Amino acid sequence: MLGSGEEIAMKWGVAPILSHHFFTADPPCWKNPPLLLVDSKQEINRRLKRRDVEEVSMASDSASKNIDILMFETLITDALERLSDKVATMIDPINLQLQEINHKLEAIAEETRKAKEMAQHNTEAIAGMERAILLQQEEISRHQDKIIQLETCLREKRLKLRGVAEDLCPSDNLSHTLSEWLTTLLQLETGTKAINLIENAYRVGKQRQKEPRDVIVELNNTSMREKILSLAKKRRTLNLHNSKILVFPDLPAEAMQRRRSLKETTATLHSMDQRYKWALSGRLIVNLQGTTYSAFDENSGLKLIQAIKAIKEPGNRKKRQRRHTSSSEAGGSDPLM
């Protein structure tokens, strides 16, 4: 006896999906099982073939995709290898160039080091030469001082008069006129009687239209020279025939040049209320706190001003006073500058 439709379907090899139609059809299909089974088996085979084709197609698609991926990977690998070869061929020359550049840089560094050493040596040599030059300049200045002092000694009886009119005092009567004038001045001012006060008098320089030439007066002794200078300093100007006469010591040209080169220095000293004096050699002399400072040209004048400013600053002044006190107690003294 046949069982349920599912059992019959399983017995005849029919898939469960057909069992419901097989047993519920009118008339029931199970009454003619051989034809139904044949059709069912054919349907099953068709479905199986279609499923196999789909699976094969899917497998083929998957295999095709895998082949595409493998081919892509192969292409990428080949491209990377070719790129690597090209990069290697490009890097090698660059490395060679970099090596050459490094060699050149090392050579430049070595030359720079040698140049620095040479520059340092030259700097030291220049510093030594500058010190030697300064010493030579000081030595030359001292020799110039001696020469100027010798020349000053030869001029120790001379005076320079400025403002003596050319027409009032002609050259042939210059000595007599000035001798009478100076003798009268000295007698009136100091009570000094002088006989033959002037040995010689003459004009110097180029003749000018507006101003008369200077007159060099050679006296018979140095004491008269000092008295006349003292009188001129006291009265500032002397009068001769209503003309103002200025009186100066007759100094060598080198001494006057030194004085002219120190104009800015003397102006700064005036602004600092610092007293100074002139040596016969034309040196500028400043005495400050037991130390003597001197200058003979513009550079030495700047150094003199710097030294004086350093001393006059409040802080430096106290330090210098303490140092001077300690030096005095030890029996020492500040050096002469």
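Taking the numbering used here, the leading residue of the sequence shown gets 576, the next gets one more, and so forth. All C-beta atoms in this analysis are idealised placements derived from N, C-alpha and C, irrespective of residue type, glycine included. All figures in this text were calculated on a predicted structure; none of them were measured in a lab.
- Under DSSP, the beta-bridge partners assigned to Tyr868 are Val861.
- It is roughly 37 Å from the alpha-carbon of Val861 to the alpha-carbon of Ala740.
- Closest in C-alpha terms to Pro787, from the list Ile820, Met633, Ala885, Gly738, comes Gly738.
- Residue burial is scored here from C-beta neighbours: Lys802 has at least 16 other C-beta atoms within 10 angstroms and is therefore classed as buried.
- If you draw a straight line from the Cα of His678 to the Cα of Arg657, it comes to about 32 Å.
- Note on the region 813-842: whole beta strand (DSSP E) runs with a minimum of 3 residues are 813-815, 818-824, in chain order.
- When C-beta atoms of the region 800-815 are compared with those of the region 702-710, fewer than three pairs fall below 8 Å, so the two segments do not count as touching.
- Taken atom to atom, the span from the alpha-carbon of Arg717 to that of Glu699 is near 27 Å.
- For the 8 Å CB-CB criterion, Lys732 and Leu794 form a contact.
- A Cβ-Cβ separation of about 21 Å leaves Gly865 out of contact with Thr840 under the 8 Å criterion.
- For a cut-off of 8 Å, the C-beta gap from Ile723 to Leu837 is around 14 Å, too long to register as a contact.
- By DSSP's assignment, Leu736 forms a beta bridge with Val790, Val822.
- Arg778 is bridged by DSSP to Val790.
- The beta carbons of Arg858 and Asp720 sit about 7 Å from each other, so the pair counts as a contact at 8 Å.
- The alpha-carbon separation between Gln832 and Asp825 amounts to approximately 13 Å.
- Proximity to Lys887 across Gln849, Val779, Gly780, Leu650 peaks at Gln849, based on C-alpha coordinates.
- For Lys785, the secondary structure class from DSSP, reduced to helix, strand or coil, is coil.
- Bounds of the alpha helix (DSSP H) holding Asn874 are 873-887.
- Classified as buried, Leu772 has 16 or more neighbouring CB atoms from the shown chains inside 10 Å of its CB.
- By the CB criterion at 8 Å, Ala870 and Leu879 fall inside the cutoff.
- Taking 8 Å as the cut-off, the Cβ atoms of Leu761 and Ile820 do not count as close.
- With 16 or more other CB atoms across the displayed protein chains lying within 10 angstroms of its CB, Ser754 is buried.
- Tyr777 is classed as exposed because its beta carbon has fewer than 16 other beta carbons within 10 Å across all chains shown.
- For Phe823, the CB contacts under 6 Å within the same chain, skipping 5 residues up- and downstream, are Lys735 in chain order.
- Around the CB of Thr727, 16 or more other CB atoms lie within 10 Å, so the residue is classed as buried.
- Between Glu685 and Leu710, the alpha-carbon positions lie close to 37 Å from each other.
- Taking C-beta atoms as the reference points, Leu743 and His845 fail to come closer than 8 Å.
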